[in-house]
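Enquirer: Have a look at this one before I ask anything.
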Amino acid sequence: MMSVKVKLSSQDRRDLEKFMKFLAIKAAQVIVQSRLGERIKTRSKPYSCGAEWFNVAIKDLPEVQAEAKKALANQLPMFGTNMCTEISLKTVDGDTLVLETWSLGMTEKCDPMARVIPTVYSRMSLLLKSLIAVSRVTPAYKLSSRQGPDSFVICYRVYMGDIQNNQLGEGYQEARIGQVSTPVGTIALTVAYRTKLTITPQQSARQSPIMLKSDYFKPDHSPKHQQRAQGINGGVFVDLNQLEQPPVFKENHLVDPTAVPKENPTVEQPLHINNGNSVNTAQLNGTDNHENSEEECVNRCDKLPQKSEATDINGSFTSYINLGDRKVGAFAPAKAPDSCFSNLLLPDTPFQSLLKHDKNDSPVSMKQRRQQNSRFPESKENGDSNANKDEVATNKSSTNCGTDKSLDMNQNTVDLAAQKSIWTEASVCDDFVLVELKPPFAENDGNGDLGAFFRECRTAPPLASFNHQPTLEEQMSEISHQLAALETSLHDFDDFVNSICHTDSPTS
Amino acid sequence: MNARTQVFELEVEDRQVQEVVLSLFHTLLFHRSLGKFHYKQEGSYSVGTVGFEDVQCDFVDLTYVRCASEELDKAIMREIGAFSDSLRSTEGSRTGQISLEFYQKKKARWPFPPESIPWEVWTVKVTIITLPNEHERQIYREKVGEMLAEKVMAIAAAMNKHDYIPKMPNQSELDLIFDTSYPDVQPYLFKISYQTCDPGNASVSNTMRKLLKDTLAF
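Each protein sequence line maps, in turn, to chains A and B.
UniProt numbering puts the first residue of the first sequence at 1, with every later residue one more than the last.
UniProt numbering puts the first residue of the second sequence at 1, with every later residue one more than the last.
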């Protein structure tokens with residue numbers, strides 16, 4: 001496997017290969033853990049136990065362990081084949097920006113005098129320490145601490161292959177963390193990181209072909225989170241939708257290593273716990289409904305901390321679980337589009353009556369249909385041609401209503417043409433009833449009135465006490481009554497105050 | 001006396017001095033600390049594990065890593081805190097330097113104490129600046145963070161050159177190489193020394209005083 005420059009004993013060779021393997025895995029752990037957006041603390045131990053490699057206390061997150069092992073796939077970083085850990089940023093709008101690539105590779109320069117134990121081992125330990133120190137000072141570290149479901153999440157990917165620095169934009173910088181000379185070559189650890197953090201429109205158009213308002217759909221249904229995971233070897237694109245087996249991991253970014261399909265070693269693993277923007281990949285296949293999948297996810301997250309010794313990220317798991325149990329408020333914006341479909345409403349939704357207008361009266365549905373109407377001429381052709389495809393895609397979710405179907409279809413659709421067809425189908429079904437619309441509380445159906453209606457619906461209803469406005473006389477008489485009552489009990493107040501002063505004085 | 005020396009020169013606000021020096025010295029000591037040695041038999045020993053923790057600075061836009069050892073942290077903090085206080089209490093244009101020196105001891109003939117031979121010296125020269133307003137301070141907070149990020153990378157690069165470091169000792173000579181006084185980690189023997197002065201007063205008397213002080217310290 002390795003070209004041997006000097007005669008190594010078989011024991012030394014085995015040791016060296018083992019060290020290199022664990023160095024690669026530990027390096028991936030350090031890099032990924034430093035991008036969790038949390039401060040890490042591990043304990044020093046006077047006596048180390050077996051699993052602590054290189055005498056540095058680095059936690060082993062099972063997900064990262066599995067990813068790194070999978071990427072390595074019984075190879076080792078060697079001449080021309082680097083193990084790369086790529087850190088990227090993914091915005092709420094689905095834009096992706098590769099922030100940095102850490103690369104562990106090997107050059108041919110070798111040091112025949114270096115003994116595997118202890119020299120190489122202790123130098124690897126030093127290299128890991130340098131990696132720990134340097135991983136805190138690249139720009140991505142600060143970004144990772146600011147990640148959140150409302151802004152962006154940080155993702156990672158581990159792969160074997162050439163470093164792809166062209167994704168880092170103009171003016172990226174490279175730094176060498178360090179190197180370890182071994183009898184078979186020099187292991188080198190480098191990082192290349194982006195310095196310009198601007199998402200270009202081209203990237204935006206390429207990565208997120210569906211231009212929709214970010215909270216238009218329920219966050220978990222949102223199609224914009226479908227991202228094509230780009231393969232490295234030979235540039236294979238891996239699409240989560242096309243996986244035969246739905247991976248159990250959700251895009252809330254906890255990876256169940258057993259569920260990751262083996263044929264796709266380069267699927268991006270987001271780091272942050274991101275309930276709000278998660279796409280349930282099981283849903284993408286149209287086999288699961290929202291409630292079940294969310295429960296399943298929460299359960300799985302419950303299990304993760306048990307599997308992992310990492311206490312530092314448990315906080316995130318917990319926060320995710322809390323979020324997972326969250327009930328969306330009746331008038332929360334994310335749910336607003338649902339309000340037009342009364343059969344989707346939960347029976348115990350508070351103020352439900354306010355939503356029970358005529359189906360067609362909902363301002364959202366009207367707005368939606370307007371868009372559909374304006375898009376109809378161009379989208380109809382595509383819709384016809386793609387109709388069969390859409391039917392196939394939606395057959396599985398037969399229990400959902402028509403709109404849910406279209407949402408599911410959105411998730412199943414990646415290319416723009418298919419997206420157009422969805423709009424078409426929705427508009428054809430509804431027969432353009434918006435012509436008949438008479439929004440409540442509105443003289444005409446201008447946008448301002450709709451806006452006012454919507455605002456009225458969303459604000460809290462006025463308190464009943466405001467309905468009865470007392471007259472000036474009433475107020476005056478009430479005040480004089482109150483004054484009289486206070487005067488009569490003046491002595492009581494004085495006594496009370498005196499009693500307090502009396503009891504306080506001895507203590508002070 | 002052919003110890004490697006490296007000098008960092010930094011212009012910082014007075015409130016930043018402590019964190020700036022701490023971040024650099026902790027990064028250095030993290031590299032230069034090993035797990036505790038436990039000798040089983042002569043020539044064979046086991047090594048403990050060095051933990052680490054992230055430290056976020058208040059006055060500098062930086063997070064650095066230090067060894068997870070309370071005692072080590074206290075020891076460094078004591079020295080650097082004194083340096084910072086001394087620098088901040090000086091009137092006028094203030095400048096100073098603080099050094100982290102790694103050394104090994106060499107046994108001398110009786111009755112002389114062991115000789116200390118430095119093998120790596122890191123010096124941070126600090127000049128205090130004053131900024132006019134909060135806006136400037138915020139900008140400078142980030143700028144110092146960037147400067148320190150470069151220094152941390154430079155430290156990593158220097159550490160991985162694998163220049164001379166003392167050989168792993170036998171059990172009897174452990175104290176000549178490592179500081180074994182900490183319960184959880186085992187740094188190479190190190191010493192922190194500093195001097196502060198007004199640049200106008202950097203006179204012969206100061207130099208002499210330092211020489212005497214250094215001589216007496218051993």
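Cβ atoms here follow ideal geometry from the backbone N, Cα and C, with glycine treated the same way.
Consult DSSP for TRP119 of chain B and reduce its assignment to one of helix, strand or coil.
Expert: Looking at TRP119 of chain B - three-state DSSP - the assignment turns out to be strand.
Enquirer: For THR190 of chain A versus MET106 of chain A, is the C-beta distance shorter than 8 Å?
Expert: Their beta carbons are not under 8 Å apart, which means THR190 of chain A does not touch MET106 of chain A by this criterion.
Enquirer: Alpha carbons only, please: which of A:LEU126, A:LYS109, A:GLY171 is nearest the one belonging to THR182 of chain A?
Expert: The candidate whose alpha carbon is nearest that of THR182 of chain A is A:LYS109.
Enquirer: Who does GLY43 of chain B pair with in a DSSP beta bridge?
Expert: None; GLY43 of chain B has no bridge partner.
Enquirer: Strictly below 7 Å CB to CB, what residues from chain B border GLU52 of chain A?
Expert: Per Cβ cutoff of 7 Å: THR49.
Enquirer: When burial is assigned at 16 or more other CB atoms within 10 Å of the CB, is GLN33 of chain A buried or exposed?
Expert: Burial call: buried.
Enquirer: Entirely within the segment 39-118 of chain A and at least 3 residues each: give me those beta strand (DSSP E) ranges in chain order.
Expert: Segments of the beta strand (DSSP E) lying fully in the segment 39-118 of chain A: 82-91, 96-107.
Enquirer: For a cutoff of 8 Å on Cβ pairs, would you count THR36 of chain B as touching chain A?
Expert: Here residue 36 of chain B turns out to be Lys, not Thr, going by the sequence shown. Yes, contact with chain A.
Enquirer: Roughly how many angstroms lie between the CA atoms of ARG146 of chain A and MET78 of chain A, to the nearest whole one?
Expert: For ARG146 of chain A and MET78 of chain A, the distance between alpha carbons rounds to 35 Å.
Enquirer: By the criterion of Cβ-Cβ separation under 7 Å, what are the contact partners of HIS162 of chain B in chain A?
Expert: Correct list: ARG123.
Enquirer: With 8 Å as the limit, tell me which residues of the segment 22-46 of chain A have their beta carbon closer than that to any beta carbon of chain D; keep them in chain order.
Expert: In the structure shown, chain D cannot be found, because the protein chains are A and B.
Enquirer: Have a look at A:SER9, A:HIS502, A:ASP60, A:VAL98 and flag the residue whose alpha-carbon is nearest the alpha-carbon of LYS196 of chain A.
Expert: Comparing Cα-Cα distances from LYS196 of chain A to each of A:SER9, A:HIS502, A:ASP60, A:VAL98, the minimum goes to A:VAL98.
Enquirer: What is the C-beta distance between PRO46 of chain A and LYS36 of chain B, in whole angstroms, given that I count them as a contact (C-beta under 8 Å)?
Expert: PRO46 of chain A to LYS36 of chain B, Cβ: 4 Å. Contact.
Enquirer: Any idea what DSSP makes of ALA188 of chain A, helix, strand or coil?
Expert: Here ALA188 of chain A sits in strand by DSSP.
Enquirer: Spatial neighbours of residue 512 of chain A within its chain, please: CB distance less than 8 Å, with the 5 preceding and 5 following residues excluded, ordered by chain position.
Expert: A query on residue 512 of chain A cannot be resolved here, the shown segment of chain A reaching from 1 to 508 and no further.
Enquirer: Between SER46 of chain B and TYR182 of chain B, how many whole angstroms is the CB-CB distance? I'm expecting something under 8 Å.
Expert: With a Cβ gap of about 17 Å, SER46 of chain B and TYR182 of chain B do not count as contacting.
Enquirer: Could you tell me which chain B residues have their CB closer than 9 Å to the CB of SER144 of chain A, listed as they occur along the chain?
Expert: By Cβ distance, chain B contributes nothing, its closest Cβ being about 11 Å from SER144 of chain A, past 9 Å.
Enquirer: Give the secondary structure of PRO139 of chain A by DSSP, where H, G and I count as helix, E and B as strand, and everything else as coil.
Expert: If DSSP states are grouped into helix, strand and coil, PRO139 of chain A belongs with the helices.
Enquirer: Within 7 Å: the Cβ of ASP14 of chain B and any heavy atom of the ligand HEM?
Expert: This structure simply doesn't include the ligand HEM, nor any ligand for that matter.
Enquirer: Would LEU131 of chain B be called buried (16 or more neighbouring beta carbons within 10 Å of its own) or exposed?
Expert: When all chains shown are included, LEU131 of chain B counts as exposed.
Enquirer: If you draw a straight line from the C-alpha of CYS155 of chain A to the C-alpha of THR95 of chain B, how long is it?
Expert: Between CYS155 of chain A and THR95 of chain B, the C-alpha separation is close to 44 Å.
Enquirer: When you compare only the Cα positions, how much space is there between GLU11 of chain B and THR196 of chain B?
Expert: Whole-angstrom Cα-Cα distance: 14 Å.
Enquirer: Output the distance between the C-alpha atoms of ASP58 of chain B and LEU72 of chain A, rounded to the nearest integer angstrom.
Expert: Cα to Cα, the separation comes out at about 40 Å.
Enquirer: Check whether the Cβ of ALA133 of chain A lies closer than 8 Å to any Cβ atom in chain B.
Expert: Yes, contact with chain B.
Enquirer: For ASN495 of chain A, count neighbouring Cβ atoms within 10 angstroms of its own Cβ and tell me buried if that reaches 16, exposed if not.
Expert: The sequence given here has Asp at residue 495 of chain A, not Asn. Exposed is the call here.
Enquirer: Mapping the DSSP letters down to three states, classify LEU10 of chain B as helix, strand or coil.
Expert: LEU10 of chain B: strand per DSSP, three-state reduction.
Enquirer: At the level of alpha carbons, what is the spacing between LEU189 of chain B and ASP163 of chain B?
Expert: In a straight line, the C-alpha of LEU189 of chain B is about 17 Å away from that of ASP163 of chain B.
Enquirer: With DSSP run on the structure shown, which of helix, strand or coil describes LYS420 of chain A?
Expert: For LYS420 of chain A, the predicted structure reports a pLDDT of 39, less than 50, and the residue's modelled location is therefore unreliable. A value from the coordinates is still provided. DSSP places LYS420 of chain A in helix when its eight states are reduced to three.
Enquirer: With distances taken between CB atoms, is the gap from PRO114 of chain B to LYS105 of chain B smaller than 8 Å?
Expert: In contact: PRO114 of chain B and LYS105 of chain B (Cβ atoms closer than 8 Å).
Enquirer: Going by beta carbon distance, what residues of the same chain come within less than 6 Å of GLU9 of chain B, once the five residues before and after it are set aside?
Expert: Once the five neighbours on either side are set aside, the close Cβ partners of GLU9 of chain B are LYS125.
Enquirer: Figure out for me which residue from B:ALA154, B:ILE177, B:GLU120, B:GLN186 has the closest Cα to the Cα of PHE5 of chain B.
Expert: Residue identity check: residue 5 of chain B is Thr in the sequence provided, not Phe. Residue B:GLU120 is the option with its Cα nearest to THR5 of chain B.
Enquirer: Three or more C-beta pairs closer than 8 Å, one from the segment 133-140 of chain B and one from the segment 111-131 of chain A: is that the case here?
Expert: The segment 133-140 of chain B vs the segment 111-131 of chain A: no contact.
Enquirer: Using the three-state DSSP reduction, which class does SER151 of chain A fall into: helix, strand or coil?
Expert: Three-state result, SER151 of chain A: coil.
Enquirer: In terms of alpha-carbon separation, which member of B:LYS191, B:THR63, B:GLU142, B:HIS31 lies closest to GLU13 of chain B?
Expert: Answer by Cα proximity: B:GLU142.
Enquirer: Return the Cβ separation of LEU62 of chain B and VAL17 of chain B in integer angstroms, given the expectation that the two are a contact with Cβ distance under 8 Å.
Expert: Contact doesn't hold; Cβ gap of about 14 Å is too wide.
Enquirer: Just the C-alpha distance for THR459 of chain A and PRO149 of chain A, rounded to the nearest angstrom, thanks.
Expert: In a straight line, the C-alpha of THR459 of chain A is about 25 Å away from that of PRO149 of chain A.
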